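Residue numbers (UniProt numbering), protein chains in the order written: chain A, 1 to 359; chain B, 1 to 359.
Structure below.
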């Protein structure tokens, strides 16, 4: 997603500004903890997680919204608001990785695995795993609480804060609802494509694209017409983005994506890809999917058999068709959207990167 | 803690008001979810958790702070703020129970256990347990997010909100730091009494007593002198409250406390009681503690052996002495505090109930 930079005049400065804001905030928290006789570990673990990578996608989309709403150079308060979105995202990722029992993220061990490893040999393995997971749950909780603190100390005007808070509240609920559906359907994938799309809509399209865009636009005082156009654009792009992510999660190269390509299959995730394959499978293909999807010890050989079925049923091609259709819909929205040309250019580039990306 | 009612003129009305606020908020959320094609389960599970009991202690203490700050009849906005504290507390309890792997709370199964039970027979036990824990993590996350939403829609004036937000942010961080210390020391109790007291100070004294009192007082526009007096009072009362809780957690009757009296011992919690016993134990007593504290399958017979040591070393009596000293310190603060007599009466009653309670 780094290429989105090119479409946004201030992207590199923004990314740097977000990182600087997060670093300064967490350094302050670490020092404050020490002065109270507490350990700086919480702030440091969270800082390590945030520094380990991440494309700062939501801050960048928020800044794109700022410009689409008529804003130009990005002021400090908007950078801090964008940083609060990144902190919130850290919360989401840390808790998602616990729920999904994932081993790695961004090419490194997930936070709960790393914290389990730090428990040392004085604890039995099961106890170390429990302590590691508990610490990661807590550090996720802290990230959620601190994202709120960043937002409220961003220096927004009362009018800006009043406009943005309802969107932030919606965004939080939506991503949690999406994750709830994801968790409760995992391990039991069905032919229900609509439900799989609903998960995507809440967990990604609204959370990753629509809300950050709207938040940025609202900060700039965008008109209702602009905000509606941004929503109409955001939902298809966001859905396409997640469909691409689902394909990469199964067919992508782990050394590029940073995630093992087995996790989604081993977790039996209820994705559009899998729902379509279940709809189209013949008896033999169905047996393969039923036996292997969500299997605890699933290895590369089993995953390859699933991949064969996902391709042979045409499900993979159908998802590519869906991505192409969603991409076209988003671009059509931009043609008639009441946006400044430089904002449209940024959104057009975002569309390309989100739908065609290799990671 | 129900007896605190008597010291607070509007306590029953407040408790009812908080419950009504929470019910209405969650019903609205459940309806909104359904209208979006999502399940009302999240709001309903949280509602069930909140309805299953709880003394509404933090709302009551917040209302006591309101009166100590000079407020009289409790307005709707203060009730909603108090309700947001109760919602935040639901978040704390739900996540704490996951981290502590607790089976029961308020005499009923903990939320993650209940949700595990709801997974039905289509999942293997380990998968059902994972889904139950994941759903409970998420519902806790939702409670944290929604406590914020309740606060920001409470109808506070900008001045009230500005005064209260920094306290709310402090409160969130403090309880999370306390829980982090609790989790990272569990299973490895030591003779370090100071560290055990630090856990209490953050996890209970500040979180349960100081911050709710200050928040209520700030809403009423209390002077700095009043707020400082409330802190000086709150910290010893809160510490005594937790020391009593620790004693009850080990020596209390489960049918009265609603919690198994084995959980703290089985979890090897680093409490003041245990730290004092470890300091005072002779070689034989030390062997009992080392072998049994934090033991996975600890039963009643083993727990009785620990209890004998906790009593025989004098640790139990020492904790009772500490409670008495803290209680006296809190009452001394009240003697010279710049508070209205009716507020002092309420705080005096709170002191008695917190330090002498049977549950």
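No residue lacks a Cβ here, since even glycine has one placed at the ideal position from N, Cα and C. Since the model is a prediction, treat every value here as computed from it, not as a measurement.
Check your understanding: Does the beta-carbon of residue 336 of chain A have 16 or more other beta-carbons within 10 angstroms, so that it is buried, or is it exposed?
Key -> Position 336 of the first chain, counting from 1, holds the residue named residue 336 of chain A. In the assembly as shown, residue 336 of chain A is an exposed residue. Its beta-carbon has fewer than 16 other beta-carbons within 10 Å.
Point to revise | residue 208 of chain B to residue 327 of chain B span [Cα, whole Å] | key: Looking up residue 208 of chain B in the second chain gives position 208. Looking up residue 327 of chain B in the second chain gives position 327. The straight-line gap from Cα to Cα measures roughly 16 angstroms.
Exercise for review: Let me know if residue 53 of chain B comes out buried or exposed under the rule of 16 or more other beta-carbons within 10 Å of its beta-carbon.
Suggested key: For the purposes of this step, residue 53 of chain B is taken as the residue at position 53 of the second chain. Answer is exposed; the Cβ neighbour count stays below 16.
Exercise for review: Please list the partners that residue 33 of chain B has in chain A, where partner means a Cβ-to-Cβ separation under 8 angstroms.
Suggested key: As a working mapping, residue 33 of chain B is identified with position 33 in the second chain. Neighbours of residue 33 of chain B in chain A, taken as residues whose beta carbon is under 8 angstroms from its own, are 177 in chain order.
Practice item. Give the interface partners of residue 271 of chain A over in chain B, defined as CB-CB distance under 9 angstroms, in chain order. Key: Translated into positions along the first chain, residue 271 of chain A becomes position 271. Result: empty, since nearest Cβ-Cβ is about 17 angstroms, beyond 9 angstroms.
Check your understanding: When the distance is taken between beta carbons, is residue 44 of chain A closer than 9 angstroms to residue 32 of chain A?
Key -> Taking the first chain and counting its residues from 1, the one referred to as residue 32 of chain A is at position 32. Taking the first chain and counting its residues from 1, the one referred to as residue 44 of chain A is at position 44. In this structure, the beta-carbon distance from residue 32 of chain A to residue 44 of chain A does not fall below 9 angstroms.
**Study point:** Within chain B, the residues that residue 127 of chain A reaches when beta carbons sit closer than 7 angstroms
**Key:** Here residue 127 of chain A corresponds to residue number 127 of the first chain, with the count starting at 1. The contacting residues are 187.
Review point. Within 9 angstroms (strictly less), CB to CB, does residue 2 of chain B reach chain A?
Key: Residue mapping note: residue 2 of chain B aligns to position 2 of the second chain, counting from 1. With a pLDDT of 39 at residue 2 of chain B, under the threshold of 50, the predicted position of this residue should be treated as unreliable, and no value is reported.
Review point. Since residue 157 of chain A is in the alpha helix (DSSP H), which residue starts that stretch and which ends it?
Key: Numbered from 1 along the first chain, position 157 holds the residue referred to as residue 157 of chain A. Annotation for residue 157 of chain A: no alpha helix (DSSP H) segment contains it, and DSSP assigns it neither H nor E.
Review point. Got a sec? Which residues, its chain only, sit under 6 angstroms from residue 34 of chain A by beta carbon, not counting five neighbours each side?
Key: By one-based count along the first chain, residue 34 of chain A stands at place 34. So the list reads 40, once near-sequence residues are dropped.
Review point. Excluding the five sequence neighbours on either side, which residues of its own chain have a C-beta within less than 6 angstroms of the C-beta of residue 1 of chain B, listed in chain order?
Key: The residue labelled residue 1 of chain B in the question sits at position 1 within the second chain. Its pLDDT being 40, under 50, residue 1 of chain B is placed unreliably by the model, and nothing is read from it.
Review point. What is the DSSP secondary structure of residue 59 of chain B, counted as helix, strand or coil?
Key: In the second chain, residue 59 of chain B corresponds to position 59, counting from 1. Note: residue 59 of chain B maps to helix in three-state DSSP.
Exercise for review: Determine the burial state of residue 71 of chain A: buried for a count of at least 16 other Cβ atoms within 10 Å of its Cβ, exposed for fewer.
Suggested key: Walking along the first chain from the start, residue 71 of chain A turns up at place 71. So residue 71 of chain A ends up on the buried side.
Check your understanding: Does the beta-carbon of residue 338 of chain A have 16 or more other beta-carbons within 10 angstroms, so that it is buried, or is it exposed?
Key -> Here the question's residue 338 of chain A lines up with position 338 in the first chain. Burial call: exposed.
Exercise for review: Following the continuous alpha helix (DSSP H) through residue 233 of chain B, name the residue where it begins and the one where it ends.
Suggested key: As a working mapping, residue 233 of chain B is identified with position 233 in the second chain. It spans 224-251 - the alpha helix (DSSP H) in which residue 233 of chain B sits, taken as one unbroken run.
Review point. What whole-angstrom Cβ distance do residue 205 of chain A and residue 170 of chain A have, given they're in contact under 8 angstroms?
Key: In the first chain, the residue the question calls residue 205 of chain A occupies position 205. In the first chain, the residue the question calls residue 170 of chain A occupies position 170. With 8 angstroms as the limit, residue 205 of chain A and residue 170 of chain A do not qualify as a contact, their Cβ atoms being about 13 angstroms apart.
**Study point:** Residues bridged to residue 105 of chain A (per DSSP)
**Key:** Here residue 105 of chain A refers to the residue found at position 105 when the first chain is read from its first residue. Looking at the DSSP assignment, residue 105 of chain A forms a beta bridge with A:108.
Check your understanding: residue 277 of chain B and residue 226 of chain B look like a contact to me (Cβ under 8 angstroms); what is the Cβ gap, rounded to whole Å?
Key -> On the second chain, position 277 is the one that residue 277 of chain B refers to. On the second chain, position 226 is the one that residue 226 of chain B refers to. The C-beta distance from residue 277 of chain B to residue 226 of chain B rounds to 39 angstroms, too long to fall under 8 angstroms, and the pair is not in contact.
Check your understanding: Residues in its own chain within less than 7 angstroms of residue 98 of chain B by CB, not counting five upstream and five downstream?
Key -> Position 98 of the second chain, counting from 1, holds the residue named residue 98 of chain B. So the qualifying residues of the chain are 112, 133, 136, 137.
Exercise for review: Could you work out which residues of chain B lie near residue 218 of chain A, taking near to mean beta carbons separated by less than 9 angstroms?
Suggested key: Position 218 of the first chain, counted from the first residue, corresponds to residue 218 of chain A. Within chain B, no C-beta atom comes less than 9 angstroms from the C-beta of residue 218 of chain A; the nearest is roughly 16 angstroms away.
Practice item. Please compile the residues from chain B whose C-beta is within a distance smaller than 8 angstroms of the C-beta of residue 137 of chain A. Key: Taking the first residue of the first chain as position 1, residue 137 of chain A is located at position 137. Per Cβ cutoff of 8 angstroms: 95, 98, 99, 137.
Practice item. Would you verify that the beta carbon of residue 145 of chain A is, or is not, closer than 9 angstroms to some beta carbon of chain B? Key: For the purposes of this step, residue 145 of chain A is taken as the residue at position 145 of the first chain. Yes - at least one Cβ of chain B is within 9 angstroms of the one on residue 145 of chain A.
Check your understanding: In whole angstroms, what separates the C-alpha of residue 333 of chain B from that of residue 224 of chain B?
Key -> As a working mapping, residue 333 of chain B is identified with position 333 in the second chain. As a working mapping, residue 224 of chain B is identified with position 224 in the second chain. Straight-line spacing of the CA atoms in residue 333 of chain B and residue 224 of chain B works out to 15 angstroms.
Practice item. Indicate whether residue 91 of chain B and residue 144 of chain B have their beta-carbon atoms separated by less than 9 angstroms. Key: For this step, residue 91 of chain B is matched to residue 91 along the second chain. For this step, residue 144 of chain B is matched to residue 144 along the second chain. Contact: yes.
Check your understanding: Measuring CB to CB, does residue 230 of chain B end up less than 9 angstroms from residue 217 of chain B?
Key -> On the second chain, position 230 is the one that residue 230 of chain B refers to. On the second chain, position 217 is the one that residue 217 of chain B refers to. With contacts defined as CB atoms closer than 9 angstroms, residue 230 of chain B and residue 217 of chain B qualify as a contacting pair.
Point to revise | Of the listed residues A:222, A:297, A:26, nearest to residue 67 of chain A (C-alpha basis) | key: Your numbering for residue 67 of chain A matches position 67 in the first chain. With distances taken between Cα atoms, residue 67 of chain A lies closest to A:222.
Check your understanding: Would the beta-carbon of residue 75 of chain A be found less than 8 angstroms away from any heavy atom of the ligand ATP?
Key -> This structure simply doesn't include the ligand ATP, nor any ligand for that matter.
Exercise for review: Helix, strand or coil for residue 139 of chain B, going by three-state DSSP, please let me know.
Suggested key: Here the question's residue 139 of chain B lines up with position 139 in the second chain. Note: residue 139 of chain B maps to helix in three-state DSSP.
Check your understanding: Cβ of residue 189 of chain A within 9 angstroms of Cβ of residue 270 of chain A?
Key -> In the first chain, counting from the first residue as 1, residue 189 of chain A sits at position 189. In the first chain, counting from the first residue as 1, residue 270 of chain A sits at position 270. Here residue 189 of chain A is near residue 270 of chain A, since their CB atoms are less than 9 angstroms apart.
Review point. If we ignore side chains and look at the alpha-carbon of each, how far apart do residue 317 of chain B and residue 159 of chain B end up?
Key: Working through the second chain from its first residue, we reach residue 317 of chain B at position 317. Working through the second chain from its first residue, we reach residue 159 of chain B at position 159. Computed Cα separation, rounded: 47 angstroms.
Practice item. At 4 residues or longer, and completely inside the region 304-357 of chain A: list those alpha helix (DSSP H) runs for me, N to C. Key: As far as the region 304-357 of chain A is concerned, its whole alpha helix (DSSP H) runs of at least 4 residues are 315-336, 341-356.
Exercise for review: Tell me, to the nearest whole angstrom, how far the beta carbon of residue 210 of chain B is from that of residue 248 of chain B; I am working on the premise that it is less than 8 angstroms.
Suggested key: Residue numbering aside, residue 210 of chain B sits at position 210 when the second chain is read from its first letter. Residue numbering aside, residue 248 of chain B sits at position 248 when the second chain is read from its first letter. In this structure residue 210 of chain B is not in contact with residue 248 of chain B, their Cβ atoms being roughly 21 angstroms apart against a cut-off of 8 angstroms.
Point to revise | For residue 288 of chain B and residue 265 of chain B, believed in contact at Cβ under 8 angstroms, the rounded distance | key: On the second chain, position 265 is the one that residue 265 of chain B refers to. On the second chain, position 288 is the one that residue 288 of chain B refers to. For residue 265 of chain B against residue 288 of chain B, the beta-carbon gap comes to about 12 angstroms, at or over 8 angstroms, which does not count as contact.
Point to revise | Cβ-based burial, residue 245 of chain B [other Cβ within 10 Å; buried from 16] | key: Your numbering for residue 245 of chain B matches position 245 in the second chain. Result: buried.
Review point. For residue 131 of chain B, does the three-state DSSP call read helix, strand or coil?
Key: Here residue 131 of chain B refers to the residue found at position 131 when the second chain is read from its first residue. Residue 131 of chain B falls in the helix class under three-state DSSP.
**Study point:** Exposure label - residue 21 of chain B; buried when at least 16 CB within 10 Å
**Key:** The count along the second chain starts at 1 and reaches residue 21 of chain B at position 21. Counting C-beta atoms within 10 angstroms of its own C-beta, residue 21 of chain B has 16 or more neighbours from the protein chains shown and is therefore classed as buried.
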